[in-house]
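Taking it in order: structure first as C-alpha cells, then the write-up.
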Amino acid sequence: MATAGAWTRWRGASDPLRLLVVVVLWLLLALFVLYPLAELIGRALSDDSGFTLAPLVAAIDSKSNLRAFANSLLLATLVGVCGTFFGFLFAFTVERTQAPRFWVGLLDVATLLPLISPPFTTSIAFVFSFGPRGFITHDLLGMNNASVYGLTSTLAAETLTYFPLAYMALRPMLAGIGGDLEEMAFSLGSSRWRVFRTVTLSLTVPGLANAFLLLFAASLADFATPLILAGNDFPVLPTEAYLQITGMFDLKGGAVLSLLLLVPAGVVYFLQRQVVGRRRYVTMTGKGRAGTSQNSVAPLASAALMGVCLAVVLFILYLYALLLIASLVISFGANHTLTLAHYRVIFTEGLPAIEDTLIIALIGMPIGGLYGVVVGYLVARTEFVGRHAMEIVTMLNYALPGTIVGIAYLIAFNQKPFLLTGTAAIIIACYVFRYSPTGIRTTVALLQQIDRSIEEASFSLGASSFMTFRRIMLPLIMPAFFAGLSVVFIRSMTAISATIFLVSINWTLITVRILENMTELSLGPAAAFSVFVIVIVVIVTAALNRVLRHLTAPGLRLPAVEG
Amino acid sequence: MITSRTRRIASHGLSRRGLLGSVLATPFIARRAFAADTLNAYSIWPENYARPMMEAFEKESGIHVKFIRFSSGEALARVTAEKANPQVDVLFGGPVETFTAGQAQGIFDNYVPPAAADLPARFKDKGGAWTAIADDPLVFMTNTQFLKQNNLQAPASWDDLLNPAYKNMLQMADARTSGTAVTRIFSILQVHNRNEDEAFAYMKKLRQNVQLYTKSGGGGTLPVGLGQAGGGIFFIVDALFTRQQGYDVQISFPKEGIGSAAECIALIKGAKNPDAGKKLIDWAASPAMQSQLAPNKINFIPANPKVETEAGLAAILKGANIIEIDDAWAGANRQRIVQRWVAEVLNAS
Amino acid sequence: MIERAEPAGIRLEGVSATMQDRNRGEIIAVRNIDLDVRPGELMTLLGPSGCGKTTTLRMIAGFQPPSGGRILIAGRDVTNVAANQRDIGFVFQNYALFPHLTIFGNVAYGLQVRNKSGSEIDRAVAEALELVGLAGFGERLPNELSGGQQQRVALARAIVIRPRVLLFDEPLSNLDAKLRVSMRGEIRRLQQTLEITTVYVTHDQEEAMAISDRIAVMEKGRIAQLDDAEALYRRPATAFVAGFIGRANLLRGTVESVREGRAILDVGGQKIAAAPQGVPAPGHAVTVVVRPEAIAISSSDTGLTAVVQSRIYLGDKIEYEISFGGQLLNIVRFNPADDEGCLPGTTVSIAIAPADIRLVD
C-alpha cells in the first residue's frame, strides 16, 4: 500500500528546534547514562597496567560469585513463574468470574500496596511471621526453629512484591480478548477447561511471556529483599556487589560483580522487545467487562479462584497490618503499649530525611515527566540520525539493576570534571534517567493511538514543529506526562538500590533511613517511616490520577502503566 | 485570548514553566555551608548515640555538626571513594580496626588532641591518625526464654556456643560490613594464640549454628531480644541497649577471654573544615564528652581514664576476661583474614 | 466576505517517490509523473489501492519528499519547501480534527498560526462554519459530532485560511453512501464558489466523475490517462482505464480487414465492425472495449448471436450475462420493455454500433 501509515516518521525538512532538542538530549544521555557506565566498566576492567579483562575473568572464576550469579538467575526465574502465575490468577478472576465490584476494588488496592511501598516492608513482616519465633510459624503453627532466611522466604516475599506487575500487565490483555472467541468455542461444544486451555491461555501467551520477563528483571535487580531475607546461604548478585563495595571497600570488585548482572539484564531486555515489539499496547478501556463471557468459569471454579485470591489479599493486608502495628507500639515483640512516639521521632529527627526526599521527588517529577514526553515524542514520531540508538540508550538505566547504576554514578561523579556527589542533583539525575522510561513508553503508546494525520493537519495549517508539539501533541499526551510524574514520584519515595550509594551529608532519603533504622534495631521509626511513605504516595498518586482523568482528551484511552 | 473558547477541558492551571524555573537551581548548590561553625561527619555510632553527643558539642562549642550514619564498612568505603573530594571532616566513632584500615588507605590526617596525653598506648595511634574515645568489649547475649526452654546456662565459654541446641539460633555480624565481626574474629584468633588454622576450624564449627550473619554489628540483637534467635556475639553497648528496651536477655563472657574494640575518631585528610574538626576531636577525646555517655544511657566504657565507668556497667564487667588484641597486627592482616573468613567460613556450605 | 485568493496552478515535473515497505523493501510508488493542474480547477487522482495517488497528493502537500522531479505551486518551486510553508489546505480521510479543541478552536487554528486578530478570527470562523452548514456548532467537541459533521469541520478548517491549493485525501470514504453523495456535491459547490485549485484523491470513480473538472486515472504509479469524465468514459486509452471508469466488456479478437472506414474484427468466429482508431493491421490481435449499455439485445437468432448465461431483473434495468464468441459479455438494458425472449439458455441476437467499439492497447 502506498499510503504512509500512521506510524511513519516525520521526514520533513530539517527543523532547527528539533535538532537542538536532539543534541541537548544526546548530551544529557551521554553525561548521565553513557559516561557513568563507561566509568564503571573502565574501573572494573582495569588494573595498574590499563584495560584488562582479568578482573572479569577472576570474578567469573570465583566459585562464590558464580554461586551468587546462579542464585540470582534461579531466584529470578522462580519469581517470574510464581509471580506470573499469581498475576494471571488475579487477572483471570477479575476479568472472567462474576466478581462483585467491591471485591475487585479490594483486589486493586491490595495489589497496589506492594508497588508503592518502601523496601523492606514485606521482609520485616516476613521475619516476624516466619522466624524461629515467628507469629505464624511459632505461635500459630507451633513450629520450633523455623528458618526464615533463604531462598523460600526471598522467593515468597519477592513474589508478593512483584506479582502486581503481572496483574497489571495481564488484566487489560484478558479484558481485551473478547469473550466472543470463548463463547464460540463453547457453542461448538468444548468443555470449559478445554476452552480455557486452548483459547484463553494460548491467546494470553505473549502477555504471559511479557509478564514473566518483567518479573524476572525486577527480581534480578532487587537488592533490598535479599538483603534482609536471603541470609548467608543464598547470596545473590546485587546484594553481593553492594557488600563488596561497602564491606570490602572493593569498589572494583563490586563494579565487576555489577557487570555480571548486565548479561541477564541485557538478555531480558532484548527478549522483551521481541515479545512486545512493535505491538500496539492493549488499551485499558473503561468497559472491560463487556467482553466477558458469562459461561467461561463454572461457579465452583469461580468460588475457588476467588477464595485463593482472597487468601492472598488477606495475607498481604496482614503483612501491612504488622507494619502498622509495629509503628504504633513501643517495642514490637516486647512491649505492646500503644504510642505515637515513633511518629514523633520521624517528624522531628527524621524530618530532614522527609524534607530531602520530598524536595528531591518534587523536583524530579516535572523533569522526569517532561523528559519522558519529549523523548517519547521524538522517538516515536520523528526521524533523525541515531534515533534507534537513542531509544536504546534511554532505556539503559532503566533496564540495568539499580546497584549497577548507583555504583556507576558513585564512581563517575566523584571526580572532576563532573563533581556531583553530595548534591541532590546526582540523586535527581539518577531518578530521572532511571525511571522516566516508563513515561517514555506511555508516551509512545499514547502516540500510537494518535494518528499521524493530526500532526500533519497542524503542519498543513502552517504551524511549526514547536507549535504543533506545544498546542496539539503535548495536550494530547498530557496523560503520559502525568504517568511519568506519577512513576518518578513513587520511585523517588520508595527506591533504594541505586540511591543508597548516592546519599550524603546534605541529602538523605527516607528509604535509606528505614534501612538504617532497621539495622539499628529501631523498628518503630522504620515502620513509621514506611507507613508515612505509603500514605503520602497514595495521596499524591490519587491526586495525580484525578487530574489525569480531567485532562485525557475525550476518546483517548490510557495504556496500562507497568512498573 | 481565545483560549477560553478554544479549549473546554478543565484548565489545569499549572504553569509548567514556573514550576520548572523556580526550583531548578536548588539542587546544584550543595547545601553544605562553608561557614566555620558547621562541621560534617560520618558517624559509625548509631543515630541515637551520636545525636546527643553532637548536640552536646554544639551547645559547648557553638559548632553545628551535620552527620549521617553508616556502618563501619560502609563508612570506610565512602571516605575512601571520596578521597579526591572529601565530603566530611571527621569520622566519628567506630571500632579501631576500621581506623587502622583507613590509615592504610591514607584517608586520615594526623592530629593529636591534648587529651591523648592521658590515654594508654592502645587508645591512640602513634602518629596521631586516630584517637580512641571509648572502649567496647564484646559479649555473649542470649535470650532468657530460649535458655530456659533448652535447659541451658548463659554461655561461659566459646565452646558453649557449639552446643547443638544453638543450631540455627545464633546471629552475629558479617565481617564484610561490620567491625563487630572483625573484632570477634580477632578475639577468637587471640584466644587461639593466633593459630589461624585452629581459630578457623572453630569458626567453621560455629558456622553450623549460625542462623544469619548480619549486615551491621547490632543487627542480630533484636532477633535475639524477640526470641527469633537464641543468642549472639555483640558489643556490650548493643547488648545493653536491647535490655534497656525491655527485651529479656542475658549477658555473659567466655572464660577464655574476649576482646574489645576501642571506638575512635579521626580527622579526614583534605577536610574542608579542619579546625572545627579538630575541636570535635579535642572534645570527644576528653572527659567533656565521655562523661555524657552514662547519663545518655550509652554503654561504652570511656577511654579517657579520668572518667569513671558507670556503676551498673562496671558491675556487669566484673570478672570478665577482656583480652587485648594487637591492633597493629589486626590492621595489617585485616584484609587477608576477612577474605579467608569469607572463603572458608561464610561460604562453607 | 471571504476574499478570494488568486487561484494557483500546480505543476508536477517528472515526480517520483519511493517508499520503504517493511516486508518488500523499497518500492517505487510514483514513477516519473508529469501533471498540470490548472488554476481554479478540481482535478481528481483516481485509481485503485496502491496506484500512487495518495502518495502524489502527499508530495504536493509536502508530507513526503519526492525522490525525483519538481513540484511547483503558482509557479514557485516548492519541492524542498516544508509543508507548513506551502499555503495549502488538506482534508484528511479520517478528518484529523484536534480532539481536545472545540470546533471553533479547530477551525480557528490555522488563523491563529497566521496571527490574525481576535475579531478577524471570529468573523472568518463564523463564515466558514456557515459555508459548511455548521453555524452555531462552535462550542462543541469533535467527538460529539457525526462523521459527516466532522468532515465538514475539517473542510471548514482547511478553507478558512484560504489556501492557494486545497487537497483532499479520500475525504468521503468513511461516510455512508447517501452522505457521500450529498457531501461530494457540497464540496464541489464550495470549491467552485471559492475558485480554489483543488486536487482530490479517491478510488470511487462515480465520485470522481461527479465533481471533477478533469480526472487523472492512475495505475501502478503512473498516470494512465488524464481527461475529463466524458472523454475517459467514451474514449478510454487503455483496458485498465476502461475497466476502472464505468463497467467495460473487454473482447479479444483479430483484425480481419479494414474497409470503408471500418475495421472488421473476428471475435470467436463472429464478425463485428468497429470504428478504427489508428491503423490496425490485418491479422493483428486486438482488445476492444464495449460498454454494457451499448449492446442491444433481442430474441432472435440472426446477425451476431450469443447465448444468455444469466438474466437479473433489477426493476429499472435488466442485466444480462451472455456468451459471445466464446467470451463473456455483460449487458445492461435500461428501462426495459418486455423481454421474455431473452431467458437464460436462449440464443439472442446482439448489435453494437461501431462507434461504441473502441480499440485499446
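So the sequence lines, in the order shown, correspond to chains B, R and V. Residue numbering for the first sequence follows my numbering, starting at 196 and increasing by one per position. Residue numbering for the second sequence follows my numbering, starting at 56 and increasing by one per position. Residue numbering for the third sequence follows my numbering, starting at 15 and increasing by one per position. In this text, a Cβ means the ideal position worked out from N, Cα and C, and glycines have one as well.
8 Å Cβ cutoff met for residue i and residue j
i                      : j                      : result
residue 358 of chain R : residue 152 of chain R : no
residue 196 of chain R : residue 304 of chain R : yes
residue 184 of chain V : residue 216 of chain V : yes
residue 95 of chain R  : residue 142 of chain R : yes
residue 564 of chain B : residue 664 of chain B : no
residue 364 of chain B : residue 406 of chain B : yes
residue 723 of chain B : residue 638 of chain B : no
residue 104 of chain V : residue 75 of chain V  : yes
Residue i (DSSP reduced to helix, strand or coil)
i                      : result
residue 262 of chain V : coil
residue 209 of chain V : coil
residue 108 of chain R : helix
residue 362 of chain V : strand
residue 297 of chain V : coil
residue 335 of chain V : strand
residue 745 of chain B : helix
residue 123 of chain R : strand
residue 252 of chain R : helix
residue 221 of chain R : helix
residue 312 of chain V : strand
residue 147 of chain R : strand
residue 494 of chain B : helix
residue 80 of chain R  : Annotation note: pLDDT 46 at residue 80 of chain R (below 50); position unreliable, coordinate value reported separately. The answer is coil: DSSP assigns residue 80 of chain R none of H, G, I, E or B.
Within-8 Å CB hit, residue i to chain B
i                      : result
residue 89 of chain R  : In this prediction, residue 89 of chain R has a pLDDT of 44, which is less than 50 and means its spatial position is unreliable; what the coordinates show is noted afterwards. Chain B, which has no Cβ nearer than 8 Å to the Cβ of residue 89 of chain R, makes this no.
residue 147 of chain R : no
residue 108 of chain V : yes
residue 77 of chain V  : yes
residue 102 of chain V : yes
residue 122 of chain R : yes
residue 221 of chain R : no
residue 124 of chain V : yes
residue 317 of chain R : no
residue 263 of chain V : no
residue 402 of chain R : yes
Inter-residue CB distance, residue i and residue j (contact presumed, cutoff 8 Å)
i                      : j                      : result
residue 231 of chain B : residue 603 of chain B : 4 Å
residue 180 of chain R : residue 158 of chain R : 7 Å
residue 214 of chain V : residue 226 of chain V : 7 Å
Span of the beta strand (DSSP E), counted from its first residue to its last, around residue i
i                      : result
residue 321 of chain R : 313 to 323
residue 299 of chain B : No beta strand (DSSP E) holds residue 299 of chain B; the alpha helix (DSSP H) holding it covers 296 to 311.
residue 595 of chain B : Where residue 595 of chain B is concerned, there is no enclosing beta strand (DSSP E), given that its DSSP letter is neither H nor E.
residue 28 of chain V  : 24 to 35
residue 198 of chain R : 186 to 198
residue 232 of chain V : 228 to 233
residue 183 of chain V : 179 to 183
residue 302 of chain R : Looking at the DSSP string, residue 302 of chain R is not in any beta strand (DSSP E), and its letter there is neither H nor E.
CB contact check: residue i to chain V, cutoff 8 Å
i                      : result
residue 651 of chain B : yes
residue 541 of chain B : no
residue 612 of chain B : no
residue 658 of chain B : yes
residue 671 of chain B : yes
is_contact[residue i, chain R] using C-beta, thresh 8 Å
i                      : result
residue 168 of chain B : Because residue 168 of chain B is not part of the residues shown, which for chain B are 196 to 758, the question remains open.
residue 481 of chain B : In this prediction, residue 481 of chain B scores a pLDDT of 30, lower than 50, which makes its location untrustworthy; the coordinate-derived value is nonetheless stated afterwards. Answer no: the Cβ-Cβ gap between residue 481 of chain B and chain R never drops below 8 Å.
Residue-chain proximity (residue i, chain D), Cβ-Cβ < 8 Å
i                      : result
residue 283 of chain R : Looking for chain D here will not work: the only protein chains present are B, R and V.
Residue span of the alpha helix (DSSP H) that contains residue i, given as start and end
i                      : result
residue 562 of chain B : 546 to 576
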